[in-house]
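K.L.:
Residue numbers (our numbering), protein chains in the order written: chain A, 6 to 420; chain B, 179 to 593. All residues carry an ideal CB built from backbone N, CA and C; glycine is no exception. Submitted below is the structure of interest, expressed as structure tokens.
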Amino acid sequence: MVKVCHIQFSMESGGRGALRLQKALRKSNVDSNIVSLRKNDQGLFNVTYLNNFSRLISRLDNRLQGVLTKNVITNLGFFSFPILGSNVAKLEEIKNADVIYIHWALNGLLNFKSFKEIAALKKPVIIFLHDMWAITGGCHHSFTCEKYMKEGCNNCPMFPSQRKHDLSYREFRKKSQLYNNHDNLYFVSPSKWLYDCAKKSLLTKDKPIFYIPNILDQTLFKPFDKLVAKQILSIDKDEIVISFGAISVGSPYKGWPYLQKALELLFRENDRKNVLVLIFGSNYNKAIAESIPFKTRFMGYLKDEYSAALIYNAVDVFIAPSLAEAFGYVVMEALCCGTPVVGFDVGGIPDMIRHKENGYLAKYKDAEDLYNGIKFCLQNNIKGYLPEDLNADLTLKKHLQLFDNVLANTKNSTK
Amino acid sequence: MLKVVQLQYSTFSGGSSAIRLQKAFINNGIDSNIVSLITDEYKLENILYLSLRQRLVAKLNCKIESALLKNGNKDFGLFSIPVFGNDVSTLKEIRDADIIYIHWFQNGFLNLTNIRKLAKLNKPIIMVLHDMWAITGGCHYSFFCDHYKVGCNNCQALANNKKNGLAAAFFEKKHKLYSRFDNIFFISPSKWLYNCAKDSLKEMNNRVFYIPNYIDIALFKPIDKKTAKYILNIKEGTTVISFGAISIDDKRKGWSYLKKALEILKAGNDLDDVLILIFGSNYDANLEKTLPFKAKFMGYLSDEYSISVVYNASDVFIVPSLADNQPTTVQESLCCGTPVVGFDVGGVSDMIRHKENGYLARYKDAEDISEGIKYCINNKVKGEVLSSFYPEAIIKKHKDLFAQVRSFNQQNQAR
């Protein structure tokens with residue numbers, strides 16, 4: 006039986022990907038463990054947490070990075086360059102594994118040295134692309150910049166210094182060395198867009214890259230009676246519920262201004278007054294509440310997947326206004342619950358939304374088209390569904406195949 | 179506006195009664211804050227979490243307490259003799275408050291000296307009796323022992339039951355504190371504990387009040403049972419018997435009686451297609467083996483929405499506690515329309531009307547528990563919460579109490 010060990014910073018929000026994959030693998034009898042830095046109180050199985058020292062290291066790394074990158078231009082998002090990290094290669098869980106699967110491991114969990122120590126074990130190492138970081142000199146999304154696929158990162162637009170041999174240049178070279186020195190590295194992209202980016206990046210273009218979407222338990226996220234869902238949440242059955250995930254208003258990735266504009270346009274329509282806007286994953290937020298013309302309701306931080314499924318089911322149309330999105334789990338969750346999704350045609354979103362069939366793909370950065378999408382879904386009573394090629398069983402199969410492939414590869418190369 | 183501050187060890191699971199009360203207060207125009215020792219990973223509104231230093235004090239206290247009690251009789255369950263604690267009387271939240279509620283404060287959050295300091299502020303202090311601790315020499319449940327009525331001595335929970343041991347000393351200390359400060363009041367959520375408190379605090383009888391815990395009936399309410407079962411992937415027609423996770427070793431929780439009752443049910447072959455649903459526990463192979471029916475482990479559910487769905491999916495809920503104050507689970511289940519079977523003990527008897535909204539079994543009679551399960555299912559008994567537990571009734575009681583304690587305080591200060 007194949008033994009897979011995942012490395013993942015925390016089990017919250019972004020970390021669900023690793024946890025969901027682990028659960029799916031275990032269900033089909035693949036022995037699968039997670040090594041994680043941040044403790045979780047849900048009493049999960051087969052998760053090993055690193056010790057306090059590692060957590061301290063991680064904090065220090067965050068501080069250091071914060072100080073050293075304090076000049077980055079924040080409207081281009083995050084830039085990471087791991088300084089400190091933990092040696093996880095010495096853990097029993099890693100040593101016993103046949104395949105090592107690295108998910109989100111920044112924030113002081115792994116640095117280049119830790120990566121090398123893992124790669125040096127000569128086991129196949131799968132690097133999951135949660136964003137562009139692994140294929141660039143350090144930014145998590147390059148937006149319009151194409152240096153990572155042309156001349157290699159240098160003079161990064163995120164730094165005001167405009168030096169050719171800046172941090173992005175050095176980090177790009179470090180990554181390139183790491184990737185070139187090891188032939189047991191494999192890359193998985195959850196979206197076609199990021200797969201294409203990785204194919205073009207100078208760092209990974211000659212590396213084995215696979216496209217495998219994220220997995221979601223469709224026995225948990227599924228449609229049921231919308232009226233009951235609304236009743237559970239004490240929402241009037243005649244109310245039209247529009248929803249989106251918590252957005253940090255200033256985030257360059259999340260597209261809040263476009264969403265706000267779209268909602269305003271909707272409000273100007275006279276026949277849409279009985280609208281309730283439901284906001285996931287956030288306590289009451291004054292800035293958001295006051296800039297939405299409709300009634301709002303903040304759902305707080307919900308921890309159980311059942312409650313998430315419940316809310317999606319109560320929603321008539323879900324909006325994902327992201328401007329950069331490697332995958333977009335919320336889109337998948339909403340679709341699986343039968344709720345149509347309106348989002349921009351960017352990143353992983355077009356993999357999931359079939360225009361005017363299970364949702365609406367709006368023209369990039371066009372608030373009016375976002376509004377058109379909301380209207381279209383409501384007027385035509387569009388039902389969300391997950392396209393066949395993203396089906397959980399299929400995704401699982403792809404992963405099992407991948408494990409077979411990389412193991413066979415490793416055997417051949419050691420011969 | 180009246181300002182209340184509530185002291186509560188932690189805000190997850192067991193802390194929910196403080197949080198529920200806080201929400202209800204705020205919705206009813208009473209300002210409320212919580213001061214909590216343990217930080218929740220998702221910070222909630224109106225809650226002040228204490229610092230790392232204070233958590234260290236608490237940890238140290240726990241070490242010392244357990245060293246002092248290491249030879250005690252574990253059958254009596256939890257026993258607390260707080261050594262260290264944190265002075266919270268200088269916090270702004272406390273200073274600004276008109277009334278101080280003290281909920282659960284063991285495990286090094288507060289000690290009796292800290293309570294004395296709070297009492298010295300001359301504000302009314304309301305101690306909510308979540309168990310018997312405040313009226314005994316240290317045990318949280320005294321079971322058949324009634325030394326607390328006359329003054330603890332010869333404590334059976336402690337190793338060397340000397341006449342004037344730790345229990346006697348702590349009993350004395352508590353009584354001194356309560357008689358020295360007549361601004362300390364007590365709320366018991368169950369009639370049983372209310373009577374116990376009156377027995378223990380004879381001279382302060384007029385300062386003990388009975389107010390059940392607050393529950394939001396807009397959250398916990400009956401929904402379509404079929405849909406609830408569907409959400410949890412339970413086949414239609416299955417008879418679902420559920421109970422909360424029980425530590426097999428905790429005698430107070432009555433696991434052996436429940437197990438026996440289920441065995442009797444199995445042997446009688448009276449019910450078709452039974453599924454056991456277990457709350458608040460991940461899959462436990464050992465527990466599953468000892469159960470005579472198929473079991474489904476719900477894991478740790480944190481959100482009230484998902485918990486409400488689980489009650490709704492249940493046909494009968496069992497609470498086999500041998501001693502209990504006012505178990506929230508019973509109240510929650512009844513609010514969701516699910517009948518409850520439990521022993522006629524503690525606060526369980528306040529909430530269940532025999533054969534009307536559940537079944538009160540004879541104390542420690544496993545066979546009667548199995549009778550109760552059959553009775554509820556065969557007669558399609560509907561759970562229902564009694565009107566004296568309605569939110570408005572409870573809020574009114576708190577408001578009346580406020581008026582009373584404030585006038586009491588003013589009279590005394592005038593004297």
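What residues from chain A crowd round S486 of chain B, counting only those whose CB sits closer than 8 Å?
P.N.:
The answer, in chain order, is I237.
K.L.:
Using 10 angstroms around the beta-carbon of R64 of chain A, count the other beta-carbons present and answer buried if the total reaches 16, otherwise exposed.
P.N.:
The residue in question, R64 of chain A, is exposed, as its Cβ has fewer than 16 Cβ neighbours within 10 Å.
K.L.:
Check whether the Cβ of V233 of chain A lies closer than 8 Å to any Cβ atom in chain B.
P.N.:
Answer yes: the Cβ-Cβ gap between V233 of chain A and chain B drops below 8 Å somewhere.
K.L.:
Please report the straight-line C-alpha distance between A313 of chain A and F475 of chain B, rounded to a whole angstrom.
P.N.:
If you take the alpha carbons of A313 of chain A and F475 of chain B, they lie about 19 Å apart.
K.L.:
For a test of the three-state rule: what should DSSP assign to Q284 of chain B, helix, strand or coil?
P.N.:
If DSSP states are grouped into helix, strand and coil, Q284 of chain B belongs with coil.
K.L.:
Within 10 angstroms of its Cβ, does Q27 of chain A collect 16 or more other Cβ (buried), or is it exposed?
P.N.:
Counting Cβ neighbours within 10 Å, Q27 of chain A comes out buried, since at least 16 surround it.
K.L.:
May I ask you to list, following chain order, the residues of the segment 305-320 of chain A that have a beta carbon less than 7 Å from some beta carbon of chain B?
P.N.:
Residues Y306, L307, K308, D309, Y311, S312, L315.
K.L.:
Just checking: is the beta-carbon of F14 of chain A within a distance shorter than 8 Å of some beta-carbon in chain B?
P.N.:
So no, F14 of chain A is outside the interface.
K.L.:
Using a 10 Å radius around the Cβ and a threshold of 16 neighbouring Cβ atoms, would you call R21 of chain A buried or exposed?
P.N.:
Looking at its Cβ environment, which holds 16 or more other Cβ atoms inside 10 Å, R21 of chain A is buried.
K.L.:
What residue does the beta strand (DSSP E) around C10 of chain A start on, and which one ends it?
P.N.:
8-13 is the extent of the beta strand (DSSP E) around C10 of chain A.
K.L.:
Using DSSP with H/G/I as helix, E/B as strand and the rest coil, what is G192 of chain B?
P.N.:
Because G192 of chain B sits at a pLDDT of 47, beneath the cut-off of 50, its placement in the model cannot be relied upon, and the following sentence gives the value as read from the coordinates. Residue state, collapsed to three classes: helix.
K.L.:
Name the two residues that bound the continuous alpha helix (DSSP H) containing T468 of chain B.
P.N.:
Its alpha helix (DSSP H) spans residues 463-468.
K.L.:
Whose CA, out of A:N101, A:P392, A:V282, A:R31, lies closest to the CA of I245 of chain A?
P.N.:
Minimum Cα distance to I245 of chain A is reached at A:V282.
K.L.:
Counting contacts by CB-CB distance shorter than 8 Å, is D103 of chain A in contact with chain B?
P.N.:
D103 of chain A does not count as touching chain B.
K.L.:
Please name the residue, chosen from B:Q200, B:A571, B:M305, that lies closest to K352 of chain B on a Cα-to-Cα basis.
P.N.:
Nearest option by C-alpha distance: B:M305.
K.L.:
Under three-state DSSP, which class holds D201 of chain A?
P.N.:
Helix at D201 of chain A.
K.L.:
In terms of alpha-carbon separation, which member of B:V559, B:K248, B:I419 lies closest to G515 of chain B?
P.N.:
Per the Cα distances, B:V559.
K.L.:
Tell me which same chain residues have a C-beta within less than 7 Å of the C-beta of Q167 of chain A, skipping the five on either side of it?
P.N.:
Answer for Q167 of chain A: N160, listed in chain order.
K.L.:
Under three-state DSSP, which class holds Y568 of chain B?
P.N.:
Reduced to three states, the DSSP call for Y568 of chain B is coil.
K.L.:
Closer than 9 Å by beta-carbon distance: list the chain B residues that pair up with F50 of chain A, in chain order.
P.N.:
N460, Y461, listed in chain order.
K.L.:
Taking the alpha carbon of K388 of chain A as the reference point, which residue from A:E362, A:I237, A:A413, A:Q182 has its own alpha carbon closest?
P.N.:
Residue A:E362 is the option with its Cα nearest to K388 of chain A.
K.L.:
Would you list the residues sitting across from Q184 of chain B in a DSSP beta bridge?
P.N.:
Beta-bridge pairing links Q184 of chain B to B:I212, B:Y279.
K.L.:
On the premise that P218 of chain A lies in contact with I78 of chain A, defined as a C-beta separation below 8 Å, what is that separation, rounded to the nearest angstrom?
P.N.:
About 32 Å; that fails the 8 Å criterion.
K.L.:
Quick one: does N171 of chain A have its CB under 8 Å from some CB of chain B?
P.N.:
For the sequence presented, residue 171 of chain A should be read as Asp rather than Asn. Not an interface residue.
K.L.:
Considering only the beta carbon of each residue, do F332 of chain A and G364 of chain A sit closer than 8 Å?
P.N.:
No, these two residues do not count as a Cβ contact at 8 Å.
K.L.:
Cα-Cα, which of A:A339, A:M357, A:S327 is closest to F349 of chain A?
P.N.:
Closest option to F349 of chain A, Cα to Cα, is A:S327.
K.L.:
Across which residues does DSSP place C144 of chain A in a beta bridge pair?
P.N.:
Looking at the DSSP assignment, C144 of chain A forms a beta bridge with A:F84.
K.L.:
For the segment 465-482 of chain B, which residues have a CB atom closer than 8 Å to at least one CB atom of chain A, in sequence order?
P.N.:
So the list reads G477, Y478, L479, S480, D481, given in the order they occur along the chain.
K.L.:
Whole angstroms is fine: what's the gap from F408 of chain A's alpha carbon to T344 of chain A's?
P.N.:
Taking the straight line joining both Cα atoms gives about 33 Å.
K.L.:
Within its chain, find whatever has a CB closer than 6 Å to the CB of E271 of chain B; leave out the 5 residues flanking it on each side and keep chain order.
P.N.:
Here the set comprises V183, N211, V213, L226.
K.L.:
What separation, rounded to the nearest whole angstrom, lies between the Cα atoms of V351 of chain A and I240 of chain A?
P.N.:
When rounded, the distance between both Cα atoms is 32 Å.
K.L.:
Measuring alpha carbon to alpha carbon, tell me which residue in A:I358, A:H135, A:S206, A:S296 is nearest V322 of chain A.
P.N.:
The candidate whose alpha carbon is nearest that of V322 of chain A is A:I358.
K.L.:
Along the segment 401-428 of chain B, where does the CB come closer than 7 Å to a CB of chain A? Name the residues.
P.N.:
So the list reads I401, D402, T405, Y408, I409, N411, given in the order they occur along the chain.
K.L.:
For the beta strand (DSSP E) containing G348 of chain A, list its first residue and its last residue.
P.N.:
Start and end: 346-349.
K.L.:
Can you list the residues of chain B that F229 of chain A reaches, using a CB-CB cut of under 9 Å?
P.N.:
In chain order: T405, Y408, I409.
K.L.:
In this structure, how does DSSP classify N38 of chain A when only helix, strand and coil are distinguished?
P.N.:
Of the three classes helix, strand and coil, the one that applies to N38 of chain A here is strand, per DSSP.
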